[in-house]
Amino acid sequence: MSSLSRELVFLILQFLEEEKFKESVHRLEKESGFFFNMKYFEEIVLAGEWDEVEKYLSGFTKVDDNRYSMKIFFEIRKQKYLEALDRQDKGKAVEILVQDLKVFLTFNEELYKEITLLLTLNNFRENDQLSKYGDTKTARGIMLMELKKLIEANPLFRDKLVFPSLRSSRLRTLINQSLNWQHQLCKNPRPNPDIKTLFIDHTCSPPNGPLAASPVNLPVAAMAKPTAYPSLGAHGPFPPGAAVANAGALAGWMANVSGPAALQAAVVTPSAMPIPQNQISVLKRPRTPPATPGIVDYQNPDHELMKRLRPAPSVEEVTYPVFRQQAPWSVEDLPTKVALSLHLESAATSMDFHPSQQTLLLVGSAAGEIILWELAVRERLASKPFKVWDMPNCSSPFQASMVNKKPISVTRVAWSPDGSFIGVAFTKHLIHLYAYTGPNDLRPHIEIDAHVGSVNDLAFAHPNKQLCVVTCGDDKLIKVWDLSGRKHFTFEGHEAPVYSVCPHHKENIQFIFSTAIDGKIKAWLYDNMGSRVDYDAPGRWCTTMLYSADGSRLFSCGTSKEGDSFLVEWNESEGAIKRTYLGFRKKSAGVVQFDTTKNHFLAVGEDGQIKFWDMDNTNPLTSIDAEGGLPTLPRLRFNKEGNLLAVTTADNGFKILANTAGFRSLRAMESPAFEALRTPVDSSSMKAVSGAPVVSATAVSCQVERGSPAILQMPNGVDPSKSRVDDATDKTKPWQLSEILDSVQCRQVTLADSTDSSTKVIRLLYTNSGVGILSLGSNGIQRLWKWARNEQNPSGKATASAVPQHWQPSSGLLMTNDVSGVNLEEAVPCIALSKNDSYVMSAAGGKVSLFNMMTFKVMTTFMAPPPASTFLAFHPQDNNIIAIGMEDSTIHIYNVRVDEVKSKLKGHQKHITGLAFSTTLSILVSSGADAQICFWSIDTWEKKKSVTIQMPAGKAPTGETRVQFHANQIRILAVHETQLAIYDASKMECIRQWIPQDGLSGPISSAVYSCNSQLIYAAFRDGNIGIFDADSLRLRCRIAPTAYLPRGSQGLAPLVVAAHPQEPNQFAIGLTDGSVKVIEPTEPEGKWGMAPQSETMNSMTTSSSTTSNHASEQLRR
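Numbering (this note's numbering), first residue to last: 14 to 1130.
Structural data, given as structure tokens:
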């Protein structure tokens, strides 16, 4: 329907409302779908007219349109069901359950079961989730508030919630104007025409004598008569309504899609409703913004008309918006000063900084070589020239292309988001993936024959929470690969070679933008259903797309075949260009490159310069030539902090530009002698132990000979086998060990009602949502604490700043394991939590029990002893598969759904103490009380290898060992009372080891990775807690028992430690007296361990900083 026809409907709606045709008004609203009358909707909801509610909604959405629609219908039908139960009308309730609610069964079976179980209760308020349900009127009001939020967030209701601002009786006014117009067209107009119908055009009958023309006597001014009149009919103002696609595509299609990760916990609350995969295809309409001077683009979002008509921003989740305060900035924040220049053997073609190590730069060259630079020491850490790793497995076209000996260049290098992998794309067919585990350790991982011709771009993505590589090439295809080289998706649809890809996500929606050399922009979901949008890029040639660092703003930069360059910001919700940046004056012979930083700046290499823009201003902010020597179109790349900028030079090299913070990061390792002379800064909350030895970590080779010392005491944990660069890097890092000796030096909270001297906390878990903590005691009883969302704790997440509630259902049930006939002193309690926090599985020497986390009821029991279960782990890809470590040293692979042991793994000599899955490597790693670690294939369940942990001299290879995978799913942490050890699971060998020593000499009771795998939290039986750097195993912070244990608490010590799933600097400990404590660093620090002294000095006054720099220069001379 055309826009004028749509407006006519609004005029009719206004007319019907003014004439009091109430039923007709709402029927037209529903049938047209143009305006959702929220006031009318509120009336029928509060009146409980459920059939009318759904009938009215049906004009705007259906139950399976998207996640918001499903929640809306679920809430309405659930309320109708509860009201029937409240009236004790079980027959009606059953009818609603079968006819209305059954549609949700396929999306969440457990939720449907929970709802069904309400029929068995005399009063459904006995259900904990519904215990606060009041009377019907109140419940409808609460539900209405929820529905209004859902409707306002639903993209299908966008533009439909606000009635246009119209003057009263607008349709009558237009008719009067039309009649005036018709009257003026009369050949013989009468002064007082008699208008009796609107069905035909008005004309005055021939006059009896000459009379002056006068307007129709209606309250509308006469209009001037034009010189010519267009014919009406087919060209009238209301043409037939041909369907026109909605232009709101770039984000509109994303807002309508939900991924499988959206299926959440089965809780009978509004937030628990599951979300289906939306299958509605989105209409596409190519659109090129007008570039003709003098033509007004009314669809441009910056045009005044669009500003008035623009809808409210789309919402991805039904939450209140969070307003972020923009940090102050200036041109000084830009890295514009040359810090260093480095040379290559051939031109740099691609660069990328490590995501967390800000001075680590990866460079790809025109000769096919990749080089890893540590900029702080100006040296190469690794260099990998191009070579084919496995020619026999390469395709015939590639092997044929290698005959002509044409040089192969790197087209793209990229780090994975966690910095554990490097991707390299080449101008012929191939991509190479390297695993990066530390300086000088760049290990070939896999070679993929990805495309026919050049691989033009490569990027990492996380579809379905699995790390993958997205590639594109000259063969017009986009492909998605996992890290084992298996292809998951091939996207076809481009009609020209694909130039670039830009994977991104909005909440749980994963998608890919792609651009081709014909200027087409397309977007893809991971579903093989074709592109969702089809647009023309400015210039219609080679274009690259990038998001701002926070993912909220989309930009593109490219060049036309004629050499004109374009830098623009896109309005995703409208699929239109929001802003075009100015400042390109010369035509380019190639394609300009660009990058973004700090959510505020854009940089482009053009005309031998680097040009900078403020994202919110179309005029250039500044430009620099970096002291000369740049090519016409330099390539550039910011580091993640935005304080360093790598820029290619014309002489086959690159320069590093820096701001003040960038210079500090480069000098952190430049002048260690000067740093050592500085006086440590006093802190009331931390004690800087500048003279204390840094507890060392030893890099170990698994080939240590018998009789030789297994632990080599090396300063600062340096591996003697590493290169000089690695050695220099480690020695010059200005680490400062901090000690926390008093309770005021950290934030902590003891969980309410947690102390129970009759039991010990043996196992401890955070809930996956981060809002609660679950403990398992030596008596087999589990306890749960939850944090409330309030002004003090607006996120509702676990925090040391608020005391959580010891949570129990209203029934008073405890989650108690089967301990009949069990000797609790010898039992090995074990626990595992489902990914959606709905169920917890545990055992304490008896049967394994599966508990419902809402009701604490036992859903089922299985695996009755003997042998008893000693460790539990859910399969990461199937909650129905559980790995169960047993007392008899076997591992059972158990399918809960069919109640059957699928496989029984044998390889240990004593009971199982740890299990960990890696989907990246497709392995299960197990540990036992025999100090062995075994590696199993999860495809065949065959043992691949077993290793015995390297024990200190004089120690027997026995004792419990725990294992946990690093976030990269490659490294694994092994914890034994005698050591912390890091293993490379892909090689199945130990790469680093630390043993208790100096201030931390007691046996280790427990250790875990932080949620981002940057830290390791270790608890010791003497009460100390150590916080280690996860890569080097250097001690960063020691928390003494006096900081968190009460005075005179002899024998009290932590037995288990758990890390918060989202806050990397928060952990919890379970103690021998049954208590649980949550510990965080103090607010000013925010992190564990003191900052390097060079950073600390930066907070001092300008004068002292100047003096220090002067002294540094003198020392260098």
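All C-beta atoms in this analysis are idealised placements derived from N, C-alpha and C, irrespective of residue type, glycine included.
Limits of the unbroken alpha helix (DSSP H) element including residue i
i, result
"Thr971", "Segment: none, Thr971 is in no alpha helix (DSSP H) and carries neither H nor E."
"Leu679", "Thr673 to Arg680"
"Met156", "Thr149 to Ala166"
"Met51", "Met51 to Leu59"
"Pro1067", "Element bounds for Pro1067: not the alpha helix (DSSP H) but the beta strand (DSSP E), Pro1067 to Ala1072."
"Pro410", "Ser409 to Ser414"
"Trp820", "Per DSSP, Trp820 belongs to no alpha helix (DSSP H); it is in the beta strand (DSSP E), Gln818 to Trp820."
C-alpha gap between residue i and residue j, whole angstroms
i, j, result
"Lys968", "Trp954", "32 Å"
"Asn820", "Lys1090", "The amino acid occupying residue 820 in the given sequence is Trp; Asn does not appear at that position. Going from the Cα of Trp820 to the Cα of Lys1090 covers about 16 Å."
"Ser999", "Phe54", "59 Å"
"Glu127", "Met828", "19 Å"
"Ala886", "Ile1004", "25 Å"
"Gly704", "Leu1013", "For Gly704, the predicted structure reports a pLDDT of 38, less than 50, and the residue's modelled location is therefore unreliable. The matter cannot be settled from this model."
"Asp487", "Thr440", "9 Å"
"Leu21", "Ile590", "29 Å"
"Tyr539", "Phe502", "7 Å"
"Ile895", "Ser950", "15 Å"
"Leu1028", "Leu986", "11 Å"
"Val416", "Pro647", "32 Å"
"Asn806", "Val784", "11 Å"
"Leu560", "Arg566", "One point to set straight first is that residue 560 is Tyr, not Leu, in the sequence displayed. When rounded, the distance between both Cα atoms is 6 Å."
"Trp1132", "Thr812", "Lying outside 14 to 1130, the shown extent of the chain, residue 1132 is not represented and no answer is given."
Residue of the options minimising C-alpha distance to residue i
i, options, result
"Pro879", "Val835, Gly641, Glu358 and Gly506", "Val835"
"Val861", "His518, Ala877 and Lys533", "Ala877"
"Ser814", "Phe120, Ser788, Leu764 and Leu357", "Leu764"
"Asn521", "Ala152, His475, Lys93 and Ile906", "His475"
"Gln112", "Glu123, Lys93 and Thr484", "Lys93"
"Val1070", "Leu114, Ile786 and Glu1002", "Ile786"
"Leu778", "Gly596, Phe1080 and Ser902", "Phe1080"
"Ala663", "Glu358, Glu575, Gly898 and Thr151", "Glu358"
"Glu900", "Asn893, Asn201, Gln922 and Asp891", "Gln922"
"Ser1019", "Val483, Ile1038 and Asn908", "Ile1038"
"Leu754", "Met542, Pro1094 and Met1001", "Pro1094"
8 Å Cβ cutoff met for residue i and residue j
i, j, result
"Pro1067", "Ala1032", "yes"
"Ala352", "Gly675", "yes"
"Lys810", "Gly790", "no"
"Leu580", "Phe614", "no"
"Gly621", "Val660", "no"
"Trp402", "Arg393", "no"
"Leu124", "Arg90", "no"
Own chain residues within Cβ distance below 7 Å of residue i, not counting five before or after
i, result
"Ser833", "Gly859"
"Val1145", "This structure leaves residue 1145 out entirely; the chain is present only between 14 and 1130."
"Arg19", "Phe47"
"Asp1044", "Gly451"
"Ser916", "Ile906 and Trp954"
Neighbourhood of residue i by C-beta, 8 Å cutoff - its chain only, sequence neighbours within 5 removed
i, result
"Leu57", "It is worth fixing the name first, because residue 57 is Ile in this sequence and not Leu. So the qualifying residues of the chain are Glu65, Val66 and Tyr69."
"Gly972", "Ala942, Ala944, His989, Glu990 and Thr991"
"Gly466", "Lys441, His442, Gly486, Asp487, Asp488 and Pro510"
"Phe667", "Ser354, Leu355, Leu357, Ala361, Met364, Val376, Ala659, Val660 and Thr661"
"Ser37", "Leu29"
Bounding residues of the beta strand (DSSP E) (the contiguous stretch that carries residue i)
i, result
"His518", "Val511 to Lys519"
"Val107", "Unbroken run through Val107 is the alpha helix (DSSP H), Lys103 to Gln112; no beta strand (DSSP E)."
"Gln992", "Gln992 to Asp997"
Neighbourhood of residue i by C-beta distance below 6 Å, restricted to the same chain and skipping five residues each side
i, result
"Ala262", "Low per-residue confidence applies at Ala262: pLDDT is 41, beneath 50, and the placement is therefore not dependable, though the value from the model is reported in the following sentence. Contacts found: Val546 and Gly588."
"Pro302", "Per-residue confidence for Pro302 stands at a pLDDT of 40, beneath the threshold of 50, marking its modelled position as unreliable; the derived number appears in the next sentence. If we look at Pro302 and ignore the five residues flanking it on each side, its Cβ neighbours are Ile590."
"Asn652", "Phe366 and Gln371"
"Phe504", "Ile491 and Trp537"
"Arg138", "Ser144 and Tyr146"
Minimum Cβ-Cβ distance from residue i to chain B less than 8 Å
i, result
"Leu26", "Given the protein chain composition of this structure (a single chain), no chain B is represented."
heavy atom of the ligand GDP below 7 Å from residue i C-beta
i, result
"Gly61", "Looking at this structure, you won't find the ligand GDP or any other ligand, since it has none at all."
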